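Just below is one structure, and these are the notes that go with it.
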Amino acid sequence: MVKTTYLILIWGKFLNKLEFFYNNGYTILENIFSDFECEEIVKIANDLKTQEDYVPIMNIHNSSDKILKFMSNEKILEFIEDVFKGDARGLQTEYFFMPPGTKGFSPHQDNTYVKAEGNTFVSAWIALTDVSKENGGLMIWPETHKEENLESRQNESVPSKNQDPNARKMSLIIPEKYESISPNISKGSVLIIHSWLAHASNDNKSKENRNALLCTYIKKGANFRSGNYAKRQSFNLM
Ligand SMILES: O=C(O)CCC(=O)C(=O)O
40 MVKTTYLILI WGKFLNKLEF FYNNGYTILE NIFSDFECEE IVKIANDLKT
90 QEDYVPIMNI HNSSDKILKF MSNEKILEFI EDVFKGDARG LQTEYFFMPP
140 GTKGFSPHQD NTYVKAEGNT FVSAWIALTD VSKENGGLMI WPETHKEENL
190 ESRQNESVPS KNQDPNARKM SLIIPEKYES ISPNISKGSV LIIHSWLAHA
240 SNDNKSKENR NALLCTYIKK GANFRSGNYA KRQSFNLM
């Protein structure tokens, strides 16, 4: 009986997260990875880094089975497959070192680029260090996913050192009624982002790297745009 009550409580907690996600366009899955696991991923990325600068590594899962396994985490997949109501496959990864002074991404919606239909595409942004507004944490505009495809305008100044070359080219035009928040996310926790949620990142004003791994998922069989820079490809998870 105690066991059944416990299971119902856990189930209820999980259902609430899903409901929260549908209403707000995001949710945070707390403490999914240990400090040790996060540090292992940071070390893999640092060892894979070949160039002098800290430009993010696109599709880092292609160079490391550990990262593929990391993104195949059972709790993340369980949540995402509940959103999809079907099987998930990997789509893209990007590793961010974000050293001190790096400028953040401009506001955008991931699905502007991926062009997936309905609930068939979701992003999971994994904090590998404790993140806040101060050190480049994400800025999100809750409920903007309900607007679906918003317009963007071209930014005037584009270049930014140690950043994805597309990170600051365009800025989403977000209706004034939405307010942004910059949630603190602890190392090893995961921000699940709806395909149409408006988000950006703060500049890193701290003295340390802001390490994070973006993992994106597509529902099995769903269509998507591959993209010239991201070169998305649906792949099997572990
Ligand atoms: O990690 C970041 O600073 C932003 C990542 C992001 O928003 C994205 O890749 O869509």
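Under my numbering, think of the first position of the sequence shown as 40, with each following residue one higher. We treat Cβ as the ideally placed atom computed from N, Cα and C, and that holds for glycine. Keep in mind that this is a model prediction, so the values were computed, not measured.
{"Check": "Start and end residues, beta strand (DSSP E) containing residue 133", "Outcome": "127-135"}
{"Check": "Three-state class that DSSP yields for residue 201 in the structure shown", "Outcome": "coil"}
{"Check": "Residue 132 versus 277, 271 and 275, residue with shortest Cα-Cα distance", "Outcome": "271"}
{"Check": "Nearest to residue 149 (by Cα), restricted to the options 158, 96 and 162", "Outcome": "162"}
{"Check": "Whole-number beta carbon distance between residue 231 and residue 118, since they are thought to touch under 8 angstroms", "Outcome": "6 angstroms"}
{"Check": "Per-residue DSSP class, three states only, for residue 71", "Outcome": "coil"}
{"Check": "8 angstroms contact criterion, which residue 109 and residue 206 should meet: CB distance rounded", "Outcome": "The Cβ separation is near 23 angstroms, so there is no contact."}
{"Check": "Ligand 1 heavy atom lying under 6 angstroms from the CB of residue 240", "Outcome": "yes"}
{"Check": "Cβ contact (3+ pairs, closer than 8 angstroms) linking the region 66-78 and the region 211-230", "Outcome": "yes"}
{"Check": "Nearest to residue 254 (by Cα), restricted to the options 106, 56, 75 and 63", "Outcome": "106"}
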